[in-house]
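Okay, structure first, notes after.
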Amino acid sequence: MAALTILGGICVVTAHSALFASSPPSSISVELIAGDKAIDAWVVFAQEELEQGLSGVLWLGENEGMIFVLPKKTQTKFHMKGVTIPLSIAYLNWRGKILKIEDMEPKTPERIYEAPDGTRYALEMNQGWFERNGLKEGDRIRRKS
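All letters in the sequence shown, in the order written, are residues 365 to 509 by this note's numbering.
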């Protein structure tokens, strides 16, 4: 039920302009709204997809990213193993409220990024995207209606 808050309108879309070294991370995407910006985000929720993340993606479009639908009541950690582009990650609660934003550096597989308690989704975008678009902790990201 909680996943429906943000992802109730999941659909298959092929509008991404990202460049891949291997196959795309997911064939499912959703359009999200953050402030006045529309985001095209791949949706990942299967364990294999959660582990792969954006590994193998060589380039993301300006308003493209990946949203992770996380298992309930687990401590979630992220890493940059196999990721070649700098990213920012926003940790969201079940209502889409931003709990925390942090930058993640490529080629630092030993670095672990820990999601705060209450995280239900994590949205990865190009590094600095949230700051450039005026988004901060407490703001809300929602599914486009």
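Here a beta-carbon is modelled for each residue, glycine too, at the ideal position from N, C-alpha and C.
Checklist entry - Would the C-beta of Ala402 count as close to the ligand ADP, meaning under 7 Å from any of its heavy atoms? => result In terms of ligand content, the structure shown is empty, and the ligand ADP therefore cannot be addressed.
Item to check | Residue interval of the alpha helix (DSSP H) (run including Glu413) | outcome: 411-416
Item to check | Whole-number beta carbon distance between Ile462 and Asp503, since they are thought to touch under 8 Å | outcome: 5 Å
Checklist entry - If Val407 sits next to Val433, beta carbons under 8 Å apart, how far is it from one beta carbon to the other, in whole angstroms? => result 7 Å
Item to check | Rounded straight-line distance, which links the Cα of Asn497 to that of Ile397 | outcome: Roughly 12 Å between the two C-alpha positions.
Next on the checklist: Does Thr483 pass the burial test, meaning 16 or more other C-beta atoms within 10 Å, or should it be called exposed?
Outcome noted: It is buried - the Cβ of Thr483 has at least 16 other Cβ atoms within 10 Å.
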